[in-house]
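K.L.:
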Amino acid sequence: MVGIIAAMSLSAAPCNPYEVTALQIAAARAQDAFRSRHRRPLRQRLATSDELIDWVERCRLQSLRLVPSALWQHAVFLTATVDPALRRRLGRDRRPDHVSEILFDCQARILDQIRSDRNRGRAPVISLFAPR
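This is the structure we're talking about:
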């Protein structure tokens, strides 16, 4: 919404450069807030997968043939957000052995993503002023 307001106010009349910058910053903050609400951090996904595996193990200990639907829905959502290929492999099979295997693969992918984020290194320094 702020992005729309910023675009409208930019095209309506010539503004002070400080106003333009303030509008751009507000739009960027609004966009970042939206993204952060809809994207869960990797560590949080890892904790969720741990919980789901724990619940699947409890189903196995109770000798349940199928994972309960509420647990199944959480597993489907997590695998779809981590990797759509994992979601396809999950399929419709709700057996605890199959679900736990997919969740372990999901955890491996999450850990790989965490490891690759750590190994990125530092960003290059961009000088603000041209060299003299």
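Residues are numbered in this note's numbering as their position in the sequence shown, beginning at 1, plus a constant of 3. Using N, Cα and C, we set each Cβ at its ideal position, and we do this for glycine too.
Out of F37, T84, S66, L67, point me to the one whose CA is closest to S52's CA.
P.N.:
Taking only the C-alpha atoms, the option nearest S52 is T84.
K.L.:
Can at least three beta-carbon pairs, one atom from the segment 44 to 63 and one from the segment 111 to 122, be found at a separation below 8 Å?
P.N.:
Output reads yes: the segment 111 to 122 touches the segment 44 to 63.
K.L.:
Relative to the C-alpha of E60, which candidate in Q34, A111, Q27, H101 has its C-alpha closest?
P.N.:
Measuring from the Cα of E60, the nearest candidate turns out to be H101.
K.L.:
From the DSSP output, in three-state form, read off L67 for me.
P.N.:
Of the three classes helix, strand and coil, the one that applies to L67 here is coil, per DSSP.
K.L.:
Would you say the segment 26 to 37 touches the segment 90 to 97, given that touching needs at least three Cβ pairs under 8 Å?
P.N.:
Result no; under three Cβ-Cβ pairs closer than 8 Å.
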